[in-house]
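As they're listed, the protein sequences go chains A and B. Numbering-wise (the working numbering), the first sequence opens with residue 18 and increments by one. Numbering-wise (the working numbering), the second sequence opens with residue 18 and increments by one. In this text, a Cβ means the ideal position worked out from N, Cα and C, and glycines have one as well. To start, the structure under review is shown below, and the notes come after it.
Protein chains: 2
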Amino acid sequence: MGTRNIFLKIAYDGTNFHGWQRQPGRRTVCGEIEEALARVLGRDIRIDGCSRTDAGVHALGQTASFLLEDHGIPTERLKKALGDCLQTSKRERLGEIEILEVKEMPEGFHARYSAKGKRYLYKIRRGAHPDIFKRTRYYQIAQPLDTDAMRRAAGFIAGTHDFACFQTAGGTPRETTVRTIWDLQILEDGEYVTISIAGDGFLYNMVRIITGTLVEVGLGKRNADELPATIESKDRGRAGHTAPPQGLYLKEVFYE
Amino acid sequence: MGTRNIFLKIAYDGTNFHGWQRQPGRRTVCGEIEEALARVLGRDIRIDGCSRTDAGVHALGQTASFLLEDHGIPTERLKKALGDCLQTSKRERLGEIEILEVKEMPEGFHARYSAKGKRYLYKIRRGAHPDIFKRTRYYQIAQPLDTDAMRRAAGFIAGTHDFACFQTAGGTPRETTVRTIWDLQILEDGEYVTISIAGDGFLYNMVRIITGTLVEVGLGKRNADELPATIESKDRGRAGHTAPPQGLYLKEVFYE
Numbered sequence: 018m019g020t021r022n023i024f025l026k027i028a029y030d031g032t033n034f035h036g037w038q039r040q041p042g043r044r045t046v047c048g049e050i051e052e053a054l055a056r057v058l059g060r061d062i063r064i065d066g067c068s069r070t071d072a073g074v075h076a077l078g079q080t081a082s083f084l085l086e087d088h089g090i091p092t093e094r095l096k097k098a099l100g101d102c103l104q105t106s107k108r109e110r111l112g113e114i115e116i117l118e119v120k121e122m123p124e125g126f127h128a129r130y131s132a133k134g135k136r137y138l139y140k141i142r143r144g145a146h147p148d149i150f151k152r153t154r155y156y157q158i159a160q161p162l163d164t165d166a167m168r169r170a171a172g173f174i175a176g177t178h179d180f181a182c183f184q185t186a187g188g189t190p191r192e193t194t195v196r197t198i199w200d201l202q203i204l205e206d207g208e209y210v211t212i213s214i215a216g217d218g219f220l221y222n223m224v225r226i227i228t229g230t231l232v233e234v235g236l237g238k239r240n241a242d243e244l245p246a247t248i249e250s251k252d253r254g255r256a257g258h259t260a261p262p263q264g265l266y267l268k269e270v271f272y273e
Numbered sequence: 018m019g020t021r022n023i024f025l026k027i028a029y030d031g032t033n034f035h036g037w038q039r040q041p042g043r044r045t046v047c048g049e050i051e052e053a054l055a056r057v058l059g060r061d062i063r064i065d066g067c068s069r070t071d072a073g074v075h076a077l078g079q080t081a082s083f084l085l086e087d088h089g090i091p092t093e094r095l096k097k098a099l100g101d102c103l104q105t106s107k108r109e110r111l112g113e114i115e116i117l118e119v120k121e122m123p124e125g126f127h128a129r130y131s132a133k134g135k136r137y138l139y140k141i142r143r144g145a146h147p148d149i150f151k152r153t154r155y156y157q158i159a160q161p162l163d164t165d166a167m168r169r170a171a172g173f174i175a176g177t178h179d180f181a182c183f184q185t186a187g188g189t190p191r192e193t194t195v196r197t198i199w200d201l202q203i204l205e206d207g208e209y210v211t212i213s214i215a216g217d218g219f220l221y222n223m224v225r226i227i228t229g230t231l232v233e234v235g236l237g238k239r240n241a242d243e244l245p246a247t248i249e250s251k252d253r254g255r256a257g258h259t260a261p262p263q264g265l266y267l268k269e270v271f272y273e
């Protein structure tokens, strides 16, 4: 059997987790999956996730990979067993993580290093009255949003730029803060506004700060035409607030 | 000022609570509201809720009342202060309880004893693939439901009957198990099926057992025409399973 390279595609409701990355003594998505893998495979496994989502952030298509030595379990059986294992006995925690796909990849594949890009969704709910049943899924905005102005601002963000102004200090150090946003759309559906953003890479908190900036434009607190100068400044202090985690969804990771 | 009779109308997401009723050392909806009242009013208050909803059950219109001696706080200010107090600092718990209404009632009014009836909604989601973001809001059913058969069965349940067969042992002892269901509808909206049920009173777990029975009819495991005999038997063992708590919502309490 030798060494197998196993790929996982995962969805989760991030509400009750301290984010993706394992932390001693705290409940994290990565930690729960590793625990389930240990039970299923009878050994300790360390998985590498593509994106270290923060506490409260959700995923519709997170990816991870790990190497499995000399173990013949078929991927379909691993998927089923992992799924069963992740159904814990606590009612409110039932089904917070879903294993969407398990497959074997060629040698050299790595969930993070092989990724060519990602798409995130940021979901906003507009309306004077918050809905308690949606509080962990959306950023609630009471005032009207000028989505045309938000689209104009988004037009300045799409493309290749040095995005240092949209980065929180404290993330993994990077060689460069230049990234390419391939696609940035503001979608409307009744009371909901979704920001859909795809690119070759994202700095720490980048989607949440872009969202906060676009929301400020939508609220009329900031002019869309200032965006080029804001980006040019590379100054975090000139961009908008960091939108809260519960509206953010890692939608998809792209590979070759 | 003398004694004021204060009425509360409350919505909550029951997912992370051990139900309504206060219990030492456990987080309950009633307990959280009493804690907030103590902070706002500067004294210990015991409130009486209309319905002792179980762990995981939600409310869109729970009611409660309490007596307030010699305290002049205007009801609008009390509503605002309570709302602020219930916004705890833990992100995932933000906004789980909403105070919808605070008003002063005449002497003798009591949220539970003055109630003339209630409406509950029970929400079902159909579909082979569960949605992790809806797991705490709906009863997920993978197989197709014959809603016409469910409506035929519901027709036998509506009206005045001895509903002993739809009662779990262990609730508050009652003088009689005869109740009147005024209205029982099966509503469909795409993947969602909602059972809307109103009546003058409900036995312990009655809505969840009626739902379980209707679901079994919808799945073809039970014939709608057996319902009269099931009710007649007064035997819990002949009715269906108790549907899970997360689909149940206390919608409204009716007063004169």
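Is the Cβ-Cβ distance between residue i and residue j less than 7 Å?
{"i": "G36/A", "j": "A72/A", "result": "yes"}
{"i": "R143/B", "j": "E208/B", "result": "yes"}
{"i": "A53/A", "j": "C102/A", "result": "yes"}
{"i": "L204/B", "j": "I174/B", "result": "no"}
{"i": "G218/A", "j": "E233/A", "result": "no"}
{"i": "P261/B", "j": "Y156/B", "result": "yes"}
{"i": "I149/A", "j": "E51/B", "result": "no"}
{"i": "T259/B", "j": "I214/B", "result": "no"}
{"i": "K251/B", "j": "D165/B", "result": "no"}
{"i": "A128/B", "j": "A76/B", "result": "no"}
Which value, in whole angstroms, describes the spacing of the CA atoms of residue i and residue j?
{"i": "G89/B", "j": "S82/B", "result": "17 Å"}
{"i": "Q104/A", "j": "K97/B", "result": "39 Å"}
{"i": "W199/A", "j": "V74/B", "result": "44 Å"}
{"i": "L220/A", "j": "A186/A", "result": "10 Å"}
{"i": "T177/B", "j": "R196/B", "result": "6 Å"}
{"i": "G134/B", "j": "R255/A", "result": "57 Å"}
{"i": "E124/A", "j": "L58/A", "result": "20 Å"}
{"i": "K26/B", "j": "E273/B", "result": "16 Å"}
{"i": "T228/B", "j": "I212/B", "result": "8 Å"}
{"i": "R69/A", "j": "Q38/A", "result": "6 Å"}
{"i": "I154/B", "j": "K140/B", "result": "The displayed chain sequence assigns Arg, not Ile, to residue 154/B. Spanning the two alpha carbons is a distance of roughly 7 Å."}
{"i": "N222/B", "j": "F183/B", "result": "7 Å"}
{"i": "R169/A", "j": "G172/B", "result": "56 Å"}
{"i": "V119/B", "j": "T80/B", "result": "10 Å"}
{"i": "R94/B", "j": "L267/A", "result": "41 Å"}
{"i": "S131/A", "j": "I64/A", "result": "15 Å"}
{"i": "P91/A", "j": "D30/A", "result": "27 Å"}
{"i": "E269/A", "j": "L117/A", "result": "12 Å"}
{"i": "R108/A", "j": "V224/B", "result": "At R108/A the pLDDT is 47, less than 50, meaning the model places this residue with poor confidence and gives no usable figure here."}
{"i": "A241/A", "j": "D87/A", "result": "56 Å"}
{"i": "V210/A", "j": "L236/A", "result": "13 Å"}
{"i": "R253/A", "j": "A55/B", "result": "42 Å"}
{"i": "D206/A", "j": "F126/A", "result": "38 Å"}
{"i": "I49/A", "j": "T32/A", "result": "It should be noted that the sequence gives Glu, not Ile, for residue 49/A. Each residue's alpha carbon lies about 14 Å from the other."}
{"i": "S106/A", "j": "P41/A", "result": "In this predicted model, S106/A has a pLDDT of only 45, less than 50, meaning its place in the structure is not dependable; the value taken from the coordinates is given anyway. Near 22 Å, if we compare the C-alpha coordinates of P41/A and S106/A."}
{"i": "D61/A", "j": "M122/A", "result": "20 Å"}
{"i": "G216/B", "j": "K238/B", "result": "27 Å"}
{"i": "T247/A", "j": "F271/A", "result": "29 Å"}
{"i": "E243/B", "j": "M167/B", "result": "12 Å"}
{"i": "A181/A", "j": "T194/A", "result": "6 Å"}
Contact defined as beta carbons within less than 8 Å: I believe residue i pairs with residue j. What is the distance between those atoms, to the nearest angstrom?
{"i": "Y137/A", "j": "L265/A", "result": "6 Å"}
{"i": "C47/B", "j": "G78/B", "result": "That belief does not hold up - the Cβ atoms of C47/B and G78/B are roughly 16 Å apart, past 8 Å."}
{"i": "R21/B", "j": "F34/B", "result": "Actually they do not touch by this definition, with Cβ atoms about 28 Å apart."}
{"i": "I23/B", "j": "L85/B", "result": "5 Å"}
{"i": "P245/A", "j": "G112/B", "result": "Not really, about 37 Å apart at Cβ, beyond 8 Å."}
Within the 7 Å Cβ cut-off, does residue i reach chain D?
{"i": "A246/A", "result": "You won't find chain D in this structure, because its protein chains are A and B."}
Is it true that the segment 154–163 of chain A meets the segment 185–194 of chain A, where meeting means three or more beta-carbon pairs spaced less than 8 Å apart?
The segment 154–163 of chain A vs the segment 185–194 of chain A: no contact.
Output the residue ranges of the alpha helix (DSSP H) runs that lie fully inside the segment 178–240 of chain B and measure 4 residues or longer, sorted by chain position.
Taken in chain order, the complete alpha helix (DSSP H) segments of 4 or more residues contained in the segment 178–240 of chain B are 223–235.
What are the uninterrupted segments assigned as beta strand (DSSP E) that are 3 or more residues long and contained completely in the segment 99–161 of chain B, given in chain order?
Annotation note: the segment 99–161 of chain B contains the following uninterrupted beta strand (DSSP E) runs of length 3 or greater, listed N- to C-terminal: 114–122, 134–143 and 156–158.
I'd like the ranges of any beta strand (DSSP E) spanning at least 3 consecutive residues and lying wholly in the segment 50–102 of chain B.
Runs of the beta strand (DSSP E) inside the segment 50–102 of chain B: 75–86.
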